[in-house]
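Notes follow once the structure below has been shown.
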Amino acid sequence: MNPDNLESIFSALLNPALNEFQAWALQHPEENLSQTLMPIISFVEGLVANEPTYLDSKRQALGSTFCCAGQVVMGEFDELETALTSPQHRSWRLGTSVLDANHAPNQDVNGRNLFLLALSNDLDDSDHAAFRACMQRYLLNETTTARQQDATAHRLLDQLAVDYIEMPHDADGAFFTNDQRGWMGFLVRYLHYVMFGIDPDNVEAIALLTDLHYSRLLPTHYLAEIGSLLQKNNLMGHGDLPDLIERAATVYEQSPALSSFVEDSPEYHGMTRRELAKLMTAIMGIAALQGPLHLGYTAMGYRPLPAYKDQQTASIDPTQHWDALNLQDREAVRLFLLECARLWAPVSATHRVATEPFTAEIAGQERQFPAGTKLLIPMSLGLLDKGFWGETTYEFNAERENLCPYHMGFHAVGERHAGRICPGKDLALEMLIDVMIAVGRVRRTAKCDAG
3 MNPDNLESIF
13 SALLNPALNE
23 FQAWALQHPE
33 ENLSQTLMPI
43 ISFVEGLVAN
53 EPTYLDSKRQ
63 ALGSTFCCAG
73 QVVMGEFDEL
83 ETALTSPQHR
93 SWRLGTSVLD
103 ANHAPNQDVN
113 GRNLFLLALS
123 NDLDDSDHAA
133 FRACMQRYLL
143 NETTTARQQD
153 ATAHRLLDQL
163 AVDYIEMPHD
173 ADGAFFTNDQ
183 RGWMGFLVRY
193 LHYVMFGIDP
203 DNVEAIALLT
213 DLHYSRLLPT
223 HYLAEIGSLL
233 QKNNLMGHGD
243 LPDLIERAAT
253 VYEQSPALSS
263 FVEDSPEYHG
273 MTRRELAKLM
283 TAIMGIAALQ
293 GPLHLGYTAM
303 GYRPLPAYKD
313 QQTASIDPTQ
323 HWDALNLQDR
333 EAVRLFLLEC
343 ARLWAPVSAT
353 HRVATEPFTA
363 EIAGQERQFP
373 AGTKLLIPMS
383 LGLLDKGFWG
393 ETTYEFNAER
403 ENLCPYHMGF
413 HAVGERHAGR
423 ICPGKDLALE
433 MLIDVMIAVG
443 RVRRTAKCDA
453 G
């Protein structure tokens, strides 16, 4: 999007009148005007709010609690801490964006809802807990950890380092933009090998999975209106995306990781092998192959940090900090990655639905909202909260106090959560640490040879 166009859109959406209208409409959801305009506002502002600077700008303009994309936004650090460590009632939202339930995994074939992001976990014995436990048992277990440390995983890391040297890796460099080699090519092969045991040299399977998750931008398929528009008009190859998803699910279903799957387990609410495979088509496309991709973009200098209003963050070069790291100190590399993720959270926000009426102060006025109101949980604002991180919050400091125990980048507060922490957090961080070490070494060697 053109920066000038984006700035004009920001200016319009930051208008206090829009905040006031949303607050009124959320208080009176039964009114015709609310029912007519709020879906439009939710859709349009929900897309714009994915820009990393938007929620921060809105907080500066409107105060710590405001309305955005049809939701009440909680901006205080302690409120976010409570929300991330409490069970959450959910609806069809992905952060600020509205999701299309008809495109959700398994519901696209008239099956039961498997979509963990849209399943609530505020009741005992929820499907969310059962399906998540099933996923963890088969795909995030001791075998996964072992594969992450074996010769095949190390070979993929070595090839990534070779690609870094052989491919342009500056802004718009092929190392970051080519989906067959370099960063994206590595992530598809590595994560599918480590999690599913899929042979990274299986050309047919890797081509299918790359095409689905990266070439055709799978995450857009799940967005309300956009996914249907792309599919109906066969834009970006989305016309046959449902068939491609089913084929990918078959690859997952037949993978070594699911070879020992036990059907009809009461512990997992009878989740079938096919259901788990369908769930993973969405999880891999939306989360596993996107979060690490974007954190890697930041850490390896593919793009500048966000230009937060009245700050100099965009002038910070993370690669200077990377080049200064002791690459033999894995904890130092971990903290470097966490600081990158603090200044640009790969996942900026999540949500919950109020199960009872509540009061919030918006624009200096106490307002009563009904049960059913959607509340945005903006982890990105917690990560930038001056009240907690201090005046240096927009500066880069991987040694800042409380970085680990209070980091909100993985849908938790450090390791504290209520059943919704990113299940692949440890896998992703260990992989990224290995990447920053392997690529960092050849980067330094190349600099010495050139200098």
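Using our numbering, you'd call the opening residue of the sequence shown number 3 and step up by one each time.
We put the CB at the ideal spot given by N, CA and C, even for glycine.
Is any heavy atom of the ligand FAD found at a distance shorter than 7 Å from the C-beta of residue i?
i: L295; result: The ligand content of the structure shown is nil, which means the ligand FAD is not present either.
Relative to the C-alpha of residue i, which residue among the options is closest?
i: L119; options: S267, A289, D312 and R275; result: A289
i: A343; options: T357, M381, G426 and Q314; result: M381
i: M238; options: Y216, G187 and R149; result: Y216
i: D201; options: A347, N143 and Q256; result: Q256
i: R134; options: G426, Q73, S230 and V437; result: G426
i: A63; options: H91, A106, L15 and M438; result: L15
i: T361; options: Q29, N21, N17 and F178; result: Q29
i: L291; options: F263, A316, Y304 and L220; result: L220
i: F198; options: N104, I228, Y254 and T84; result: Y254
i: E363; options: A27, V75 and L345; result: V75
i: F45; options: L96, E32, Y396 and P348; result: L96
i: R332; options: D387, S350 and D436; result: D436
i: L125; options: E32, T357, Q182 and N52; result: T357
i: W391; options: T147, E78 and N34; result: E78
i: N143; options: L121, G384, L429 and D387; result: L429
i: L141; options: N235, S262 and P31; result: S262
i: H523; options: P170, H156 and T179; result: Because residue 523 is not part of the residues shown, which for the chain are 3 to 453, the question remains open.
i: S93; options: L121, L116, E277 and E83; result: L121
i: L455; options: L377, C136, H171 and G411; result: What the structure shows of the chain is the stretch from 3 to 453, and residue 455 is not part of that stretch, so it cannot be assessed.
i: M137; options: R276, V355, A347 and E403; result: R276
i: L377; options: E22, H91 and V196; result: H91
Who are the near neighbours of residue i in its chain, counting only those whose CB is closer than 7 Å to its CB and skipping five residues on each side?
i: L243; result: R218, H223 and Q233
i: H194; result: I200 and L211
i: A19; result: none
i: I208; result: V190, R191 and P202
i: P407; result: G416
i: G241; result: Q233
i: T38; result: none
i: P107; result: L116, F117, K280, L281, T283 and A284
i: L298; result: Reading off the sequence, residue 298 comes out as Gly, not Leu. Here the set comprises W185, L434 and V437.
With residue i and residue j assumed to form a contact (beta carbons below 8 Å), what rounded beta-carbon distance in angstroms separates them?
i: P320; j: T300; result: 6 Å
i: I423; j: H413; result: 6 Å
i: L189; j: D213; result: About 14 Å separates the two Cβ atoms, so there is no contact after all.
i: D102; j: L225; result: 7 Å
i: R443; j: L281; result: With 8 Å as the limit, R443 and L281 do not qualify as a contact, their Cβ atoms being about 37 Å apart.
i: T98; j: G65; result: Not really, about 18 Å apart at Cβ, beyond 8 Å.
i: Y433; j: P268; result: Here the sequence assigns Met to residue 433, which means Tyr is not the residue at that position. Not a contact, Cβ separation roughly 34 Å.
Just to confirm the assignment, what range does the beta strand (DSSP E) spanning residue i have?
i: H353; result: T352 to V355
i: T395; result: It is not in any beta strand (DSSP E) - T395 carries neither H nor E in the DSSP assignment.
i: I364; result: F360 to I364
i: C70; result: F68 to C70
i: R422; result: No beta strand (DSSP E) contains R422, which DSSP labels as neither H nor E.
i: Q370; result: Q367 to F371
Span of the alpha helix (DSSP H) holding residue i?
i: F23; result: P18 to Q29
i: L378; result: Per DSSP, L378 belongs to no alpha helix (DSSP H); it is in the beta strand (DSSP E), K376 to I379.
i: P294; result: G293 to A301
i: N34; result: N34 to V50
i: F117; result: It is not in any alpha helix (DSSP H) - F117 carries neither H nor E in the DSSP assignment.
i: R218; result: First-last for R218: undefined, no H or E at that position.
i: V253; result: L243 to E255
i: T315; result: Looking at the DSSP string, T315 is not in any alpha helix (DSSP H), and its letter there is neither H nor E.
i: P320; result: P320 to A326
i: T154; result: A153 to E168
i: S59; result: Y56 to L64
i: V205; result: V205 to T212
i: Y140; result: D129 to L141
i: C342; result: R332 to L345
i: S122; result: No alpha helix (DSSP H) holds S122; DSSP gives it neither H nor E.
i: W186; result: The displayed chain sequence assigns Met, not Trp, to residue 186. G184 to F198 is the span of the alpha helix (DSSP H), which, as asked, contains M186.
i: S230; result: I228 to K234
i: R402; result: Run containing R402: none; DSSP gives neither H nor E here.
i: Q150; result: E144 to Q150
Within a Cβ cutoff of 8 Å, which residues of the same chain sit near residue i, ignoring the five residues on either side of it in sequence?
i: V441; result: L162, A163, Y166 and M302
i: G421; result: P89, N123, H130, A131 and R134
i: G400; result: In the sequence under discussion, the amino acid at residue 400 is Ala, which differs from the Gly named in the question. Excluding residues within five positions, the ones whose Cβ falls inside 8 Å are H323, A334, L337, F338, L340 and E341.
i: A309; result: T55, T315 and A316
i: Q24; result: M40, I43, C69, C70 and G72
i: T252; result: A279
i: P258; result: F198, G199 and I200
i: L35; result: A27
Give me, in chain order, the residues of the same chain whose beta-carbon lies closer than 6 Å to that of residue i; leave out the 5 immediate sequence neighbours on both sides.
i: P372; result: P359
i: D6; result: Any reading at D6 is ruled out, since the residue's pLDDT is 48, under 50, leaving its predicted position unreliable.
i: D266; result: G272
**Prompt:** Enumerated in chain order, which unbroken segments of the beta strand (DSSP E) with a length of 3 residues or greater are wholly contained in the stretch 73-98?
**Reply:** 73-75
Alpha helix (DSSP H) runs contained entirely in the stretch 263-293, provided each spans 4 or more residues: 275-285
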